[in-house]
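In what follows, a single structure is set out as C-alpha cells and then discussed.
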Amino acid sequence: MHASILWTINDFLAYGDLSGWSTKGYMACPACNKGTYSVRLRNKICYMGHRRSLPKDHPWRKDRKNFNGKREDAEAPKSLTGEDVLSQLEKLPTRIPGKHSNKNRKRGEEELNWTKRSILFELPYWSKLKLRHNLDVMHTEKNICESILGTLMNVEGKTKDTAKVRLDLEDMKIRKELHLIKKNNDKYAMPAASYVMTKKERQDFCEFIRSVKFPDGYASNISRCVTATDQKLSGMKSHDCHVILQRILPPGIRGSLTKEVREVLTELGQFFQHLCCKKLNKTELEKMKGDICLIMCKLEKIYPPAFFDIMVHLSIHLPNEALLGGPVQFRFLCGLKQSVRNKARPEGSVAEAYIAKECLTFCPMYLKDIETRFNRDDRNNDIEFDDSLSVFEQKCRPVGATTSNCDEVDPFLNQHKEELLAAGCVNIEKQHKEQFPTWFKEQMIRIYKDDRSAKNESLYSLACSPRRCIKKFVGCIVNGVRFLTRERDSHRKTQNSGIVVDVNHGDEMLSFYGVLDDIIQLDYVRGRQIILFKCDWYDLGKKKRTGLQKEGNIVSVRVDGKWYEEDSYILADQARQVFYINDPKLGTNWRVVIPVSHRHVYEVSERADEDIDADDVLSVENGVYQENVTNDPLEVGLGEIEFLRRNDLDQEDIDDTIIQVGTQMVDATDLDDIDELDDTMVDYYSTDEASENSHGSEDEIDSDDAS
Numbered sequence: 001m002h003a004s005i006l007w008t009i010n011d012f013l014a015y016g017d018l019s020g021w022s023t024k025g026y027m028a029c030p031a032c033n034k035g036t037y038s039v040r041l042r043n044k045i046c047y048m049g050h051r052r053s054l055p056k057d058h059p060w061r062k063d064r065k066n067f068n069g070k071r072e073d074a075e076a077p078k079s080l081t082g083e084d085v086l087s088q089l090e091k092l093p094t095r096i097p098g099k100h101s102n103k104n105r106k107r108g109e110e111e112l113n114w115t116k117r118s119i120l121f122e123l124p125y126w127s128k129l130k131l132r133h134n135l136d137v138m139h140t141e142k143n144i145c146e147s148i149l150g151t152l153m154n155v156e157g158k159t160k161d162t163a164k165v166r167l168d169l170e171d172m173k174i175r176k177e178l179h180l181i182k183k184n185n186d187k188y189a190m191p192a193a194s195y196v197m198t199k200k201e202r203q204d205f206c207e208f209i210r211s212v213k214f215p216d217g218y219a220s221n222i223s224r225c226v227t228a229t230d231q232k233l234s235g236m237k238s239h240d241c242h243v244i245l246q247r248i249l250p251p252g253i254r255g256s257l258t259k260e261v262r263e264v265l266t267e268l269g270q271f272f273q274h275l276c277c278k279k280l281n282k283t284e285l286e287k288m289k290g291d292i293c294l295i296m297c298k299l300e301k302i303y304p305p306a307f308f309d310i311m312v313h314l315s316i317h318l319p320n321e322a323l324l325g326g327p328v329q330f331r332f333l334c335g336l337k338q339s340v341r342n343k344a345r346p347e348g349s350v351a352e353a354y355i356a357k358e359c360l361t362f363c364p365m366y367l368k369d370i371e372t373r374f375n376r377d378d379r380n381n382d383i384e385f386d387d388s389l390s391v392f393e394q395k396c397r398p399v400g401a402t403t404s405n406c407d408e409v410d411p412f413l414n415q416h417k418e419e420l421l422a423a424g425c426v427n428i429e430k431q432h433k434e435q436f437p438t439w440f441k442e443q444m445i446r447i448y449k450d451d452r453s454a455k456n457e458s459l460y461s462l463a464c465s466p467r468r469c470i471k472k473f474v475g476c477i478v479n480g481v482r483f484l485t486r487e488r489d490s491h492r493k494t495q496n497s498g499i500v501v502d503v504n505h506g507d508e509m510l511s512f513y514g515v516l517d518d519i520i521q522l523d524y525v526r527g528r529q530i531i532l533f534k535c536d537w538y539d540l541g542k543k544k545r546t547g548l549q550k551e552g553n554i555v556s557v558r559v560d561g562k563w564y565e566e567d568s569y570i571l572a573d574q575a576r577q578v579f580y581i582n583d584p585k586l587g588t589n590w591r592v593v594i595p596v597s598h599r600h601v602y603e604v605s606e607r608a609d610e611d612i613d614a615d616d617v618l619s620v621e622n623g624v625y626q627e628n629v630t631n632d633p634l635e636v637g638l639g640e641i642e643f644l645r646r647n648d649l650d651q652e653d654i655d656d657t658i659i660q661v662g663t664q665m666v667d668a669t670d671l672d673d674i675d676e677l678d679d680t681m682v683d684y685y686s687t688d689e690a691s692e693n694s695h696g697s698e699d700e701i702d703s704d705d706a707s
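Read in order, the letters of the sequence shown correspond to residues 1 to 707 in UniProt numbering.
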C-alpha cells in the first residue's frame with residue numbers, strides 16, 4: 001500500500017516550521033511571500049496595504065486621508081507556483097543546524113524569509129501541489145476576535161489602542177482628531193476613538209453575553225467567560241471566539257458604537273459565517289475574495305495600524321484556500337488537537353490516535369452485537385415509523401389540526417367542498433370546517449370495507465379520530481434535533497424551545513416565530529400516533545409587519561404580543577429550531593432570531609442528480625456546527641467614515657513619562673538587509689537597538705493563541 005501527503009493542518013507557528021518560511025518579521029505572510037506589505041511602527045510590525053487587491057480604478061486607491069497618508073498604485077502580489085518556490089529555495093545557502101554565537105546573523109537579500117528547505121520538498125509531487133499547508137480558520141478567528149473585543153472593551157494588555165498607537169498616527173500624519181493632546185501639567189489627553197465602548201456600553205455588553213443561552217450542543221456556556229469585576233471576557237476557547245465573532249458580536253453591538261464600526265464588524269462576522277458553511281459555491285467564493293478585501297480596507301479606515309497584525313492580514317487569503325481545499329471544517333485543527341496526549345510529541349500523538357481509530361473502525365465489522373462508539377445511537381437519535389401515510393411517518397421520539405396537515409387527505413377535502421358547493425350551501429368554509437370530520441369518517445368506513453390496503457388502513461385510522469386520553473412530554477427529538485418546552489428550558493443553561501415555521505400566508509411566504517409550550521402525543525387505532533407541538537406565536541403584525549424588523553441579515557421579532565392563539569398546533573416534523581437573544585438596540589420586548597444548523601443535519605436538494613454540477617459545489621459531511629449553505633449574499637457597503645472620535649466619552653490622561661520618542665516607522669521596502677531573527681520586536685534592528693528594545697511588545701499575540 002502506498003500513501004501520499006495531501007497537505008498539512010497546523011497552527012500558524014507550526015506553519016513556519018513545516019514550510020521553512022518564517023512567519024515573523026517583515027515578510028511574515030507566506031502567501032504574499034516577498035510581496036508582503038509591512039511597516040515597522042514604534043513597537044511592532046503591522047501588515048496593511050490591502051488596497052493593492054482593489055481594482056485599478058477604485059477611488060480608495062487615491063484616498064490618502066483615510067488610509068496611511070499615501071496613494072496606492074501597486075498591484076496585489078501574485079500567488080507563487082511550485083516552480084517559483086523551488087527557484088527561491090535554490091538560492092538558499094546551506095545552514096548548519098544548531099545554536100550560533102552571533103544570533104544577529106544577517107540574512108542575505110536572496111534568502112527572503114526562508115529559514116530552511118523543507119524536507120517535504122524531497123517528495124517528487126510536493127512542488128506540484130497548489131495547497132501544501134493550511135491556514136487554520138478557527139485559529140485566525142480566535143486571534144481576530146480577541147483583538148476586536150480587547151479594543152472594543154479597552155482591556156489592558158489586549159487593546160490595540162494605546163498611547164504608543166496614537167504616536168504611530170502622529171508619525172504617519174493621519175487622523176489628527178485622534179492625536180494626543182498636550183496639557184499644561186506635563187500630561188497628555190488621549191481622545192476617545194469611535195471603536196471603543198463607554199463604561200455603560202461595556203456593562204450592557206457583558207450583561208448581554210451573560211443572558212445568551214444556546215441550543216443543546218451548539219456551543220459552550222460563554223456566560224462563564226464574563227468577569228463581573230473588571231467587565232471583560234476571559235478564558236474563551238477557539239470555538240467560543242468562532243461563535244461570538246459570527247453570531248453574537250453583530251447583534252451585541254447594535255445599541256452602541258458608531259454605524260461604521262457596527263457595519264464593518266457585522267460584515268466581517270458574516271464573511272466568516274459564509275466561509276465556514278458546510279457547502280461552498282465556487283462563484284460565491286470568488287465574490288468573497290473581493291468582499292474580504294473591501295472589509296479589510298474598511299477596517300484600515302477605522303482601526304489604527306497596530307490592529308493589523310499578521311493574523312488579521314491572513315484572513316484575506318482564506319477564500320482562495322477554500323477554493324483549493326474545499327470546506328474549511330474538514331481542515332479545522334481543533335479536531336486534531338483532541339488526539340494530542342503528549343504535548344511534547346504532537347505529531348506522533350495524532351499518528352497513534354489515527355492508528356487506534358482505524359483499528360476500532362475495523363474491529364466492529366466482526367462485533368455486530370457489541371456497542372462501540374461507531375455503531376451506538378446518537379444522543380439525539382429519533383425513531384422513524386414506517387407507514388403509508390405521511391402524517392404517521394414522523395421521525396421523532398417524545399422525551400384537532402391533523403387531517404389538514406396530511407397531503408393524502410387533500411382529495412377528500414376538495415371532494416367535500418365540491419359537494420357543499422353543488423348543494424348550494426352558504427358560507428362553505430364554515431360548513432366545511434364543522435362537517436368534514438364526520439363526513440370523512442363515514443367515507444373511510446365505506447372505502448375500508450371494500451379495500452383494506454395499507455394506505456386505506458392508515459386513512460381509516462386518521463378518520464376515526466384520536467383517543468380521548470393524550471400524553472404530554474417536556475421534550476422531543478425530531479430529525480436529530482432536541483426540542484424542549486419553555487417551562488423545561490427555564491431551568492436549564494441551554495435554550496431548545498425556539499420554533500420557526502415557514503408557511504404561505506395570503507400571497508406571501510412568511511416565517512412564523514414562537515416558542516414551544518407543550519408536546520402532545522395523539523394515539524389512533526391500529527397503534528398509530530402523531531406528535532403535535534403547541535406553540536405561542538409572536539405577533540408580527542397583520543399588514544405592515546410591525547412586529548418584525550430586519551437590518552441586513554439580523555432579524556428581530558417583538559415578543560410581547562401573541563398571534564393565532566386559536567391555531568397554535570403544528571406537526572412536530574414541521575418545526576425548525578431557532579434561538580433568541582436580547583436585542584440591545586430595540587429594547588426588552590424584542591429578540592434577535594438566530595437560526596440553528598445542527599451537526600449531521602443536511603438540507604437535501606430536490607433537484608435531480610443530473611442537474612447538479614459537481615464542479616460548482618464543494619461539501620463535507622462532518623465537523624463543527626456550520627451553516628448548510630450561503631443563502632444570503634454577503635453585502636459589503638462602501639460608506640465613508642464620518643466620526644473617528646467619540647465626544648460622549650471622557651479623554652484619558654497619559655503621563656509624560658509614558659510618551660517616549662522611540663523608533664520611527666520604516667517601510668519594509670526601505671531596508672537594505674534582512675535580519676535572520678524571527679522575533680517581530682527586534683527583527684532588523686542593530687545589535688544596540690535590539691538590546692534597547694528587548695522588553696518586547698504588549699500587543700504581541702500570546703503563545704496560547706497559536707496552540
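No residue lacks a Cβ here, since even glycine has one placed at the ideal position from N, Cα and C.
Beta-carbon proximity check, residue i vs residue j, cutoff 8 Å
i, j, result
"I5", "L112", "no"
"L314", "V264", "no"
"G475", "R486", "no"
"N589", "R558", "yes"
"S556", "V500", "no"
"L649", "V196", "yes"
"G269", "L249", "yes"
"L516", "S497", "yes"
"K187", "D653", "yes"
"P191", "Q651", "yes"
"R117", "L89", "yes"
"F307", "K160", "yes"
"residue 723", "L167", "Look at the range of the chain in this structure, 1 to 707, and you will see that residue 723 is not part of it."
"R175", "L644", "yes"
"C464", "Y524", "yes"
"C225", "D204", "no"
Cβ-based burial, residue i [other Cβ within 10 Å; buried from 16]
i, result
"Y354", "exposed"
"P59", "exposed"
"P411", "exposed"
"C363", "exposed"
"T227", "exposed"
"C359", "exposed"
"H598", "buried"
"G424", "exposed"
"P584", "buried"
"P55", "exposed"
"S453", "exposed"
Cut-off 7 Å between Cβ atoms - residues of its own chain near residue i, not counting five sequence neighbours on either side
i, result
"K183", "A189"
"D502", "M509, S511"
"Q574", "V501"
"V312", "I144, S147"
"residue 715", "Missing from the structure shown is residue 715; the chain here goes from 1 to 707 and no further."
"V596", "P215, Y218, Q577, V578, F579"
"E141", "C241, H242, L245, F272"
Cβ neighbours of residue i in the same chain (closer than 8 Å, five flanking residues each side left out)
i, result
"Q495", "K213, F214, P215, D489, F579, Y580"
"W114", "G20, W21, S22, Q88, L89, L92"
"D560", "N589"
Presumed contact (8 Å Cβ cut-off) between residue i and residue j, rounded CB distance
i, j, result
"I316", "C293", "6 Å"
"N134", "T8", "7 Å"
Contacting residues, own chain, Cβ-Cβ under 6 Å from residue i (five flanking each side not counted)
i, result
"V243", "A219"
"K158", "G150"
"G35", "P77"
"residue 708", "Past the edges of the chain, shown from 1 to 707, lies residue 708, and the structure says nothing about it."
"L532", "I520, Y569"
The region 270-280 touching the region 320-327, judged by at least three CB pairs closer than 8 Å: yes
contact_flag[the region 145-156, the region 14-33] where n(CB pairs < 8 Å) is 3 or more: no
Stretch pair the region 333-340 + the region 46-61: three plus CB contacts closer than 8 Å: no
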